[in-house]
Every structure is written in structure tokens, then in C-alpha cells.
Amino acid sequence: MTQALRHPAILDLARRDGKVTVDGLAAHFGVTLQTIRRDLTDLAESGRLERVHGGAVLPSGTTNIDYQERRNLQRSSKAEIADICATLIPNGSCLFLGIGTTCEAIAGALTQHENLLVITNNMNVANLLSGHRQAEIIVTGGTLRKTDGGLVGNVATRIIEQFKFDVAFIGCSALDDDGDVLDFDIQEVAVSQTILKQSRQVYLASDQSKFLRKAPIRVANLKDLTGFISDAPPPSDLSSACISWGTDIYLTDCS
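So the mapping is simple: the working numbering equals the position in the sequence shown, first residue as 1, plus 1.
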């Protein structure tokens, strides 16, 4: 396969898995490690990938990845994360589901739950649950973020302040080594911080690609949350810190 064909194929793999490795790509394409290193260098120099030790990830920094691309990232892992989240939601709960593709996956895992009151600022979640006969859905309102169907801003915050949630799930764009939960949109962050204040239990649901990314705005820290659900354990120092904080860690079978 020529370089011109490998580059878009490498990008497709990065979008699907969140990360590509030199060894894995060399085996996949049947080329040398040096050839793949040159490919990744070229893609990094053009801004389409970001080099990390042993491979590359999708670029991050001050802007987020396109929402449709995020939907395709770690799709199977998100489904497994969502299945764990569903076990943490008792029937009869008042539940909040936030913005993000993982929260959409959680909504899809609630088909067997009964007598739920679901409040969401995610239009995609509301649509997914619209046919659920055992769930009453309340949409917060707010400023519609057209890129992903999220509702943000002061209206969303004021509505959320009227509720006390039994359990809430939020996502993030990045998770720092010190446990800081990070995102890109200051208006979304304000909504997420209000959710934390109004919830008896709050969980972060996030796949392992968030360990490799950066974002500029702090939402909270894992020590502020009830638990963290992922498809891979966080770095060992952070895992130890979670134990000391009393923050539960739930891992999928694929971790």
C-alpha cells in the first residue's frame, strides 16, 4: 500500500480506536517500523495526529474532536462502560445524563429499567429515550450547541438547580494525571459543576482515550465524584489516590 493510501487508513484507525501504535500499524500494513514512523511524523507535522510514545493519538488542545468522529471512537468500549453504568442505576431513580457520546451509550443501555425520571441536557439522549415507556424524560432547555445537540448556558443551569438527582453521569474531554476532569466549553463546564452540586451520587463515564488528551477547562476532580467507570485503569498513582479519596473505580472486562 502506498503512503497516499496508508495515511487516510491510519487516520481511520486513530478515529476508531483513539490511538495507533507503531508496532500495530507495521503489522497491519505489512511494512517496516521506520516506514510507519515516517507516516506518523508526516501526519503529526500536518496537524492530523499528535505523536506520543510508541504511536500517535488524535490531536487535542483547545478545540474538541468533531462529534461524529467522537461517536465512532472506542464504540465497543463505550457500550461496555454503559452496561456497567446501567447496573449503578436503581429502578425508580431520578437520573441525570449529561452531554457526550458515552452518556448516549448509557441511555441505550436502560431498556430494562423501570420507573425512571431522566433529566438531560443532551438532545440525543432525549431522542434515544423517547420510546422508553418506563422513563419520563425532562429536557433542561438552554442554548443549543448545534455541533452535538448539547444544551448549555444559564437556562440549563437554572433548570438543573430545581432538582435533586439520585445519580448523575457526566463525560469529559480529558482526564489529567492528577485526577482533574477537563473539558473545552466553559458553558458546559458550568452546567456540569451544577450537576455535581445537585446529585447524591455522581459518576464520570469515560473511555481510556481521555487519558491521552488535553483540554483547558477544569470541571472537577475525581475526589469530588462517587466513582469512575472506564475500559482501562487510570495511571497507578491516580488509582492509589482514588482509593484514598473513596472514589470507586469500575472497569470493563476488556480492561
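Glycine included, each C-beta is placed from N, C-alpha and C at the ideal position.
Straight-line spacing of the CA atoms in Leu41 and Phe229 works out to 32 Å. It is roughly 15 Å from the alpha-carbon of Val153 to the alpha-carbon of Ile218. Gln209 sits buried, since 16 or more C-beta atoms from the chains shown fall within 10 Å of its C-beta.
With contact defined as three or more Cβ pairs closer than 8 Å, the region 190 to 201 and the region 30 to 47 are not in contact. Ser240 has its alpha-carbon roughly 29 Å from the corresponding atom of Thr121. Comparing C-alpha distances from Ala233 to each of Ala221, Ala206 and Ala216 shows the shortest one belongs to Ala206. Within the same chain, Cβ atoms closer than 7 Å to the Cβ of Ala27 are found at Thr33, Leu34 and Ile37, the five residues on either side in sequence being excluded. Where Lys20 is concerned, there is no enclosing alpha helix (DSSP H), although the beta strand (DSSP E) around it starts and stops at Lys20 to Thr22. Counting C-beta pairs with one atom in each stretch, the region 159 to 176 and the region 94 to 102 have three or more that are closer than 8 Å, which means they touch. Apart from the 5 residues on each side of it in sequence, Lys165 sits with its Cβ closer than 8 Å to the Cβ of Cys95, Gln199, Ser200 and Arg201 in its chain, given in chain order. Excluding residues up to 5 positions away in sequence, Ala106, Ile107 and Ala110 lie with their Cβ nearer than 6 Å to the Cβ of Ala83 in the same chain. According to the DSSP assignment, Thr144 belongs to the beta strand (DSSP E) that extends over Thr144 to Arg146. Close CB contacts of Ile11 within its chain, under the 7 Å cut and outside five residues either way in sequence, are with Val21, Leu26, Asp40 and Leu44 (chain order).
For Phe212, the three-state secondary structure derived from DSSP is helix. Taken atom to atom, the span from the alpha-carbon of Pro235 to that of Ala169 is near 21 Å. CA-to-CA, the gap between Ile85 and Ser237 works out to about 22 Å. Per the coordinates, the alpha-carbon of Val23 lies some 15 Å from the alpha-carbon of Gln4.
As DSSP reads the structure, Asp249 sits in a beta bridge with Gly228. In the displayed model, Thr141 falls within coil according to three-state DSSP, outside both helix and strand. A distance below 6 Å between beta-carbons, with the five flanking residues on each side excluded, links Val203 to the following residues of its chain, in chain order: Ala169, Leu197, Leu226 and Thr227. For the pair Cys104 and Asn123, the CB atoms are nearer than the 8 Å cut-off. From the listed residues Val53, Glu81 and Asp13, the smallest Cα separation to Asp254 is found for Glu81. With a threshold of 16 other beta carbon atoms within 10 Å, Lys211 meets it and is buried. For Ile85, the enclosing alpha helix (DSSP H) begins and ends at Arg76 to Thr88.
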